[in-house]
Each structure stands twice: as structure tokens, then as C-alpha cells.
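Numbering (my numbering), first residue to last: 35 to 707.
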């Protein structure tokens with residue numbers, strides 16, 4: 035790297051090499067590679083004397099005014115990062131595992147297409163690409179590649195589910211039966227209310243308009259909540275023929291799927307003699323309530339959430355704060371004269387959009403007014419961008435920022451599900467959603483790569499962040515604030531930046547958007563300004579889904595990992611006819627215990643026959659584990675991360691038992707005859 039990471043080789047390098055040889059006679063000096071350097075260091079070093087570093091290496095850089103780590107790229111171009119996360123979770127947690135399940139039934143594992151999807155995704159993960167710190171063309175290319183990854187992934191996922199579906203034996207049902215199968219990508223049992231669109235064959239102008247579901251194995255009735263009904267022409271696109279149309283009635287429904295096996299499915303069929311279920315999850319005005327939670331939406335749009343299991347109430351949840359942005363891709367900087375705009379001071383409309391015994395949903399809209407941009411006020415823009423002080427302020431002109439959130443509660447659900455949508459027409463600002471936890475303590479827990487890390491929220495005298503304010507940190511699926519007795523978690527499939535405030539509110543602040551002007555540099559005070567590039571200002575529509583999850587105990591005791599798994603690996607419903615197959619109406623291919631043990635991958639092995647499970651224990655304690663595998667598995671062994679054999683594992687009665695040490699990553703090879 036001559037100068038910076040985009041520089042080409044400097045011709046002076048050869049002259050430097052020759053000068054060094056002349057200055058050090060008898061010493062062999064060659065132009066080498068990183069691999070040669072590391073091999074030489076390993077050969078010369080005594081492992082017993084080397085310092086072992088554990089935990090995160092997040093030491094900030096002292097600057098004239100602030101401490102900083104250049105980690106604010108976490109909130110740069112959030113739409114791009116969100117799509118990348120969706121692509122990762124789709125391939126890792128749904129496409130690959132169900133491709134393995136289909137392979138157990140004789141299907142070919144789609145290695146070539148999966149390799150194409152992975153390579154396209156990894157092309158998006160070069161640091162200046164996924165960080166969003168480059169020019170607009172990079173974002174355009176990344177978004178297009180990720181769209182292709184999602185297209186490939188969804189196509190492969192559909193193929194695998196089709197293989198499973200045609201092998202499910204529903205031969206005891208009438209030939210014209212309408213079958214709904216719920217697929218569970220998690221490696222453990224789940225009970226959830228699921229949503230589905232059902233196309234019922236047209237039976238004339240005035241057919242009986244209600245139905246229920248029945249378990250395909252037991253015939254037990256399953257209540258159905260109807261959302262909508264309309265006439266519809268369903269288009270059929272068989273791969274072997276031209277498309278055709280089927281007149282139908284289209285229903286949008288919810289129903290409760292229980293005891294869904296790990297990495298498996300359960301089938302149900304439509305009973306036209308049944309009726310839709312009645313009831314409500316609205317217990318008072320603007321209030322959702324089920325067995326575990328009570329969520330009251332206040333006139334200012336915030337939520338007062340009662341966790342019935344602990345008796346703890348969390349008031350004032352889910353408001354928005356919009357602040358000025360005077361920084362750039364790598365660094366969030368506040369204007370010298372900022373105006374932080376709080377959504378609680380603006381008109382709010384609350385509307386009940388859906389209600390029934392299984393699911394209810396409110397729509398909450400807040401119409402904020404925020405400044406349109408930034409004013410320099412005669413200050414030095416290079417000094418501002420270097421983070422050593424500024425004269426900037428938020429502009430005097432204002433525009434409306436309308437934020438719509440849909441708040442959903444399901445029967446037996448233990449979290450509030452939120453989808454937030456807004457259209458951004460302003461520049462140079464940061465928008466965050468705020469969740470005051472009011473939990474005492476000085477630390478929080480956030481998921482990292484194959485780990486959960488503890489981070490301080492109050493920076494004491496020994497902290498490397500001592501004296502810093504407004505410090506943001508990275509997360510994967512969640513951040514959790516708990517005092518050991520109870521806590522509150524924010525769970526997301528792709529929002530990566532959070533702060534926990536140091537005041538008594540201990541507010542979780544998650545960045546939804548950070549809009550800034552493109553300014554490029556590799557050396558201080560040498561900024562290349564590109565105001566014509568507007569994608570960094572994040573214009574247009576944004577939509578994010580997340581969960582608010584109260585719990586007892588710590589994150590590990592309170593089921594945060596399980597709730598995060600539910601969020602990023604949702605259940606899917608497939609409609610089909612009654613096939614005559616070899617599989618039962620309810621079946622699972624994997625069962626993994628305990629819940630804290632996480633599944634990172636289930637895929638075909640790279641260099642040996644068989645399938646690889648990658649598991650990890652993110653906690654600080656060892657856990658005793660049990661893994662139940664398909665009957666076709668005849669041998670099992672542990673591998674390294676590079677998938678090199680280490681030791682055999684005892685496989686007995688389709689079960690493997692083992693201990694996962696603290697912070698341990700395990701790779702298990704499953705072999706078949």
C-alpha cells in the first residue's frame with residue numbers, strides 16, 4: 035500500500051530496496067508477500083512468550099475535540115446494509131439448510147448456484163463497498179448485486195420447498211384438498227401465529243365464505259383469523275407449459291402453527307365447513323394485549339409496555355429524534371449549533387388497522403418538521419470535516435418528515451413487532467429511534483460476529499472512552515440492556531448502529547438514517563467534495579422492521595437469542611395440493627438444544643462428502659448440547675473452521691451429545707452412506 039489502499043506501486047520502491055541493500059551489507063533483503071512475512075514471524079517467535087489478546091479491540095483515536103474510532107460507517111447508506119443483511123440471512127439460514135433437507139430426499143445440492151450467490155455477495159463486502167464510504171456508483175453496484183443474490187436465493191429456496199412439498203404424504207385427503215404447509219428454518223421447535231395468502235378455488239357467485247384449518251396428521255382444528263377476501267385470478271406458470279389462469283377467491287388469514295419441528299414443517303388442510311375465529315387482542319383504547327404483554331400507545335405516539343411475566347413497565351418507548359449531521363461517511367459530527375428535533379412535540383394519528391384473536395395491529399403516524407440541510411456560517415469546511423471544530427448550524431428552511439410505524443402483537447407473542455416507513459426529503463441529518471429502558475447498571479450486551487459482547491454504557495475513569503459522549507457501537511441482530519433481573523432488547527435484521535445513553539434512562543438509540551455530503555480524503559485537510567452525489571443523502575423511501583423485546587434475567591436467560599432467531603429466520607407458508615409422498619405430515623430434520631447454542635450454517639461440505647453444521651456458543655459459560663440428526667446420517671466428526679478433521683463424535687440413536695465451551699465455535703461434519 036503506497037500511500038493509501040487505492041494507490042499503485044511506486045517506482046521509488048525499487049530504489050529504496052537497492053539503497054537498503056547497500057546500507058546493510060550481508061543482509062538479504064527481498065520484496066516479499068504477507069504470507070512469507072507471517073511464515074517468517076511464526077518460525078522465529080516463541081508462542082509461549084507471545085501476549086494473547088482477548089475480547090474486542092475497540093480503542094478510539096484521541097482527536098482535538100472528540101474520541102473517535104471511524105466506526106460511523108455503520109450508519110452510512112443504511113438501505114444498502116439492510117439489504118446485505120437480508121441477503122446473508124436468506125442464504126445462511128433458509129436457502130442452504132433447506133437445500134440440505136431436500137438433498138436428504140434425493141435432490142441435487144445446488145452447489146454452483148450457491149457459489150455464484152456467495153461470490154456476488156462477497157463482492158459487496160469489500161470494506162469501502164459495504165461501509166458505504168465511497169462514491170454513489172459503488173452503492174448502485176452493491177444494491178444491484180444484492181438484488182441478484184436475493185433473486186438467486188429465493189429461487190433456490192422455492193425449489194427446495196417444492197422438493198419437500200411433493201414428498202409430503204397427504205394421500206388420505208380428498209384429491210381437491212387445499213394444503214397449507216408451514217416451514218420452520220430454525221433448528222428447534224417453534225409455536226407462532228403465521229400469516230398466509232390462500233387462493234380458494236372458485237365455487238360459484240355465492241359460496242360459503244368461511245373455513246378453518248385442520249392438522250394433516252391428527253385432524254385437530256386450527257383456528258383461523260380472516261383479514262380480507264376478494265375475487266382473484268391466480269396465474270399459474272408451470273415450467274413445462276404456457277401460463278394459465280385459475281379463478282379463485284383470495285383470502286389473507288392468520289393461524290397458529292404449534293410444535294413446528296426444527297428445520298422442518300407441519301401441514302394443514304382447509305376445512306370448508308369450519309368458521310373463522312372471533313375475538314380481539316385490543317383490551318382498551320389504543321392498547322394491544324396478550325398473555326405476556328400489554329402495549330398502550332400514548333397520544334404522543336410513544337408506547338407504554340408492560341411485561342406481565344416480570345411485572346415491569348417500560349414507559350415512553352419508541353419515539354424519534356432527528357439531529358444535524360456535519361460529518362462524512364466515516365464520522366458523525368454534530369453542527370456547532372445543532373437542533374435535535376423530538377417527535378414527541380408533533381401531531382400524531384393513531385389508527386387500529388387490524389384486530390382479531392390471533393393478531394392485532396395499530397398504525398401510528400407522526401408528522402415531524404425538520405431542517406432541510408446544513409449552513410456553514412462562514413466556517414472552514416475542511417476543519418469541520420477533520421473533526422476539529424465547526425461553525426455550522428442546521429438550516430432555517432424546514433420540510434415535513436412523516437414517519438409511519440405499524441405496531442403488531444400476536445397471540446402468545448413475547449415481543450412487539452414494528453415496521454417503520456418514512457420518505458426522506460432533507461439532507462445533512464441523522465434520524466434515530468429511541469427506547470428508554472430505565473434499567474440500572476453500567477453495561478449492555480450486543481451481538482457481534484459469532485459472539486455476544488459486553489460493552490460499557492457508563493464510561494468510568496478506567497475506560498478508553500472516558501469523557502466521551504454520544505458514542506455509537508456496532509451490533510448484529512440485537513442490543514440488550516439488562517440489570518440482571520430484567521431487560522429490554524432491540525432486535526433487527528439489518529440496522530447496525532446503536533448507542534446506549536449514559537443518563538438514568540439508559541435509552542437504546544438506533545440509527546435509521548444518516549444523511550451527509552460525499553467528501554473523500556485519505557489525508558487530513560485534503561477533501562474532495564462531491565455535492566452532486568445525492569445517494570449519500572439517503573433520499574426517498576425507507577422501511578425497516580424490528581422487534582421490542584422485554585424479558586426476565588440477562589440476555590442469555592431471557593431468550594433474546596431465540597427471539598432474534600425468530601425475527602431473521604421467519605416461518606414460511608406454502609399452498610399446494612394433496613400429494614402422495616413418502617414423508618409424514620409433520621417432520622423435522624434437525625433439533626438443537628439448548629437455545630443459547632446458535633446455528634451459523636448448515637450446508638454441503640467443501641472438500642469431503644457430507645454436510646457441515648457450524649454452531650457457536652456466544653455465552654461466557656460452557657453448555658451441554660444435544661443435536662438430533664436425520665436417520666440417514668451414519669457418522670459424525672468435528673472439523674476445524676477450514677473443515678479439516680479433528681476428532682470423531684459418538685452418534686447414537688440419531689443423537690450427538692457434546693459440550694460447547696465458552697465463546698466456542700464448533701464445526702460438525704455429518705456423513706451419509
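Don't be surprised by glycine CBs; every beta carbon is placed ideally from N, CA and C.
- The beta carbon of residue 169 lies closer than 8 Å to those of 552, 554, 564, 567 in the same chain, with the five residues before and after it left out.
- Note that the C-beta distance between residue 364 and residue 167 is below 7 Å.
- Assignment of residue 418 by DSSP, reduced to helix, strand and coil, places it in the helix class.
- Contact annotation, residue 322 with residue 437: C-beta distance approximately 19 Å; criterion of less than 8 Å not satisfied.
- For residue 138, the three-state secondary structure derived from DSSP is helix.
- Nearest neighbour of residue 196 by Cα position, chosen from 609, 159, 646, turns out to be 609.
- The Cβ neighbour count for residue 115, taken over all protein chains shown within 10 Å, is at least 16; the residue is labelled buried.
- Proximity of the segment 511 to 519 to the segment 569 to 578 falls short of the contact definition, fewer than three beta-carbon pairs being nearer than 8 Å.
- A contact is defined here as three or more CB-CB pairs under 8 Å, and the segment 251 to 269 meets this definition with respect to the segment 301 to 321.
- Residue nearest to residue 681 within the set 671, 688, 690, 675 is 671 (criterion: CA-CA distance).
- In the three-state DSSP reduction, residue 242 falls in the coil class, being neither helix nor strand.
- Residue range 477 to 482 is occupied by the beta strand (DSSP E) that includes residue 481.
- Following the DSSP letters along the chain, one finds residue 440 inside the beta strand (DSSP E) bounded by residues 432 to 444.
- Here the C-alpha atom of residue 215 lies approximately 17 Å from the C-alpha atom of residue 188.
- Listed in chain order, the non-local C-beta contacts of residue 677 below 8 Å within the same chain comprise 639, 640, 641, 642, 646, 701, 703, local neighbours out to five positions each way being set aside.
- The beta carbon of residue 183 is closer than 6 Å to those of 121, 151, 154, 155 in its chain, skipping five residues each way along the sequence.
- Per DSSP, residue 305 lies in no alpha helix (DSSP H) segment; the continuous beta strand (DSSP E) that holds it begins and ends at 298 to 305.
- Assignment of residue 182 by DSSP, reduced to helix, strand and coil, places it in the helix class.
- Checking the DSSP bridge columns, you'll see residue 486 partnered with 481.
- Taking 7 Å as the cut-off, the beta carbon of residue 443 is found no closer than this to the beta carbon of residue 288.
- Unbroken beta strand (DSSP E) runs of no fewer than 3 residues, entirely contained in the segment 650 to 694, are found at 657 to 662, 667 to 673, 679 to 683, 689 to 694, following chain order.
- Rounded to the nearest whole angstrom, the C-alpha separation of residue 447 and residue 131 is 25 Å.
- In this structure, the beta-carbon distance from residue 218 to residue 616 does not fall below 7 Å.
- Spatial neighbours of residue 179 in its own chain (CB-CB distance under 8 Å, excluding positions within 5 residues in sequence) are listed in chain order as 154, 155, 157, 158.
- In this structure the segment 222 to 234 does not touch the segment 645 to 662; the number of beta carbon pairs closer than 8 Å is below three.
- Minimum Cα-Cα distance from residue 472 among the listed residues 699, 539, 269, 279 corresponds to 539.
- Linking residue 194 to residue 48 through their CA atoms gives a straight-line distance of about 56 Å.
- By the neighbour-count criterion, in which a residue is buried when 16 or more other Cβ atoms sit within 10 angstroms of its Cβ, residue 420 is buried.
- The residue among 583, 199, 498 with its C-alpha nearest the C-alpha of residue 347 is 583.
- Residue state for residue 118 is assigned as helix, using DSSP reduced to three classes.
- Here residue 204 is buried: its Cβ has 16 or more other Cβ atoms, across all protein chains shown, within 10 Å.
- Around the CB of residue 468, 16 or more other CB atoms lie within 10 Å, so the residue is classed as buried.
- Out of 300, 634, 667, 673, the CA that lies nearest to the CA of residue 125 is found in 634.
- For residue 599, the CB contacts under 7 Å within the same chain, skipping 5 residues up- and downstream, are 220 in chain order.
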